[in-house]
Amino acid sequence: MSTSELKTKETEPETSRSLIERIKLHSGIRKILMAGSGAVGKSSLLTVLRERKSLKELLKDEAEYHRTLFVDLEVIPAADLVDEDIEGLCQMVDIAGQLNSPIHALKDISRTALGGVDVILLIFASDNIQSLIDLTEWVDLLTGYYVSQTRFDTPDFVLIRNKCDLNCSMDKGLIEAVLQSNPQIVSYFETSCLTGSGLDEVRQWLVNNLFTNR
Ligand SMILES: Nc1nc2c(ncn2[C@@H]2O[C@H](COP(=O)(O)OP(=O)(O)OP(=O)(O)O)[C@@H](O)[C@H]2O)c(=O)[nH]1
Ligand SMILES: [Mg+2]
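Under the numbering used here, the first residue of the sequence shown is numbered 42, with each subsequent residue one higher.
If you want it as structure tokens, here you go:
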């Protein structure tokens, strides 16, 4: 799937875009997209954020891998993320990691998946340097979409290095290069969905940046 393919697929009428924005504002919905290669932990992140427990606590046996086939949409109330009385909802978009699938939500329902997104969590796995490199393709596709849809603001990009429990070394220079590249990465987290480390910081960031500051 090329960037131009995404751009030409869907150019939204202005009215429907502003309608989405109005509905979002009225109902306090913030939309969060999880992007990154297969098996980096996107669906796991959604689960552990929602449940406020680590995979270790949630799953007794070895965690099986069930890849997301297309896209899953789920809502997490902001008040469930942290112990604070906050109004609002996080609309989580959990997308399949395999960009080369013949059917992929970024291409086939780009408006549903990408329209009105506030934050994109770019996720890679500590034990898979290719998943960090692959993020450049994700970023190209995503920024291409938002450039073509001039009425949507470009979302904030957050970089997440997951599976830090695996204690794999990774080229710090490469991570630094991604952090310094365009679009600007507004925050960087090191997490483990398995042990739960770094997840409170992600929850607090989401609440601070999507709800309490606006
Ligand atoms: N060790 C370790 N394993 C993890 C962690 N997070 C997720 N996993 C495991 O990694 C595998 C893939 O996780 P998923 O959340 O399904 O990955 P995904 O990014 O949603 O993958 P796709 O749906 O194919 O795009 C599962 O077996 C998880 O249990 C982590 O922090 N540490
Ligand atoms: Mg998944």
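All C-beta atoms in this analysis are idealised placements derived from N, C-alpha and C, irrespective of residue type, glycine included.
Less than 8 Å between the CB of tyrosine 106 and some heavy atom of ligand 1, yes or no?
-> Tyrosine 106 Cβ: within cutoff of ligand 1.
Do the stretch 106-123 and the stretch 229-238 make contact, defined as three or more Cβ pairs closer than 8 Å?
-> Too few Cβ pairs lie closer than 8 Å, so no.
Is threonine 109 near ligand 2, in the sense that its beta carbon is under 8 Å from a heavy atom of that ligand?
-> Shortest gap from the CB of threonine 109 to any heavy atom of ligand 2: under 8 Å.
Would you report the Cα separation of glutamine 132 and isoleucine 70, rounded to the nearest angstrom?
-> Roughly 7 Å between the two C-alpha positions.
When the Cα atoms are used, what is the spatial distance from alanine 154 to aspartate 181?
-> C-alpha separation (whole angstroms): 16 Å.
C-beta contact flag for alanine 76 and leucine 176 at 9 Å | Yes, the pair counts as a contact, with Cβ atoms nearer than the cut-off.
Three-pair Cβ contact test at 8 Å for the stretch 187-202 versus the stretch 156-165 | These segments touch.
Would you list the residues sitting across from aspartate 40 in a DSSP beta bridge?
-> Beyond the ends of the chain as shown, which are 42 and 255, falls residue 40; an answer cannot be given.
Where lysine 65 and glycine 157 are concerned, what is the direct C-alpha to C-alpha distance, given to the nearest angstrom?
-> Each residue's Cα considered, the two are about 8 Å apart.
From serine 172 to glycine 79, what distance separates their C-alpha atoms?
-> Spanning the alpha carbons of serine 172 and glycine 79 requires a straight line of approximately 8 Å.
Can you tell me which of Lys204, Glu217 and Glu125 puts its alpha carbon nearest to the alpha carbon of asparagine 169?
-> Distances from the alpha-carbon of asparagine 169 to those of Lys204, Glu217 and Glu125 put Lys204 closest.
Mapping DSSP to helix, strand and coil, what is alanine 218?
-> In the three-state reduction of the DSSP assignment, alanine 218 falls in the helix class.
Give me the Cα-Cα distance between glycine 138 and isoleucine 216, rounded to the nearest whole angstrom.
-> One Cα belongs to glycine 138, the other to isoleucine 216, and the distance between them is close to 20 Å.
Local conformation of leucine 74 per DSSP, three classes | Correct three-state label for leucine 74: strand.
Cα-Cα separation, glycine 239 to arginine 93 | So the alpha carbons of these two residues sit roughly 12 Å apart.
Threonine 88 and leucine 99 look like a contact to me (Cβ under 8 Å); what is the Cβ gap, rounded to whole Å?
-> Cβ atoms of threonine 88 and leucine 99 come within 8 Å of each other, at about 7 Å.
Where does the unbroken beta strand (DSSP E) through tyrosine 106 begin, and where does it stop?
-> Counting along the chain, tyrosine 106 falls outside any beta strand (DSSP E), and DSSP gives it neither H nor E.
Going by the C-beta, is lysine 83 closer than 8 Å to any heavy atom of ligand 3?
-> This structure does not include ligand 3; its bound ligands are ligand 1 and ligand 2.
Measure the alpha-carbon distance for serine 45 versus valine 219 and round it to whole angstroms.
-> Legend: pLDDT at serine 45 = 48, less than 50; position of this residue unreliable, value from coordinates given subsequently. Taking the straight line joining both Cα atoms gives about 23 Å.
Return yes when the Cβ of leucine 90 is within less than 9 Å of the Cβ of leucine 122, no when it is not.
-> Result yes, Cβ atoms of leucine 122 and leucine 90 sit closer than 9 Å.
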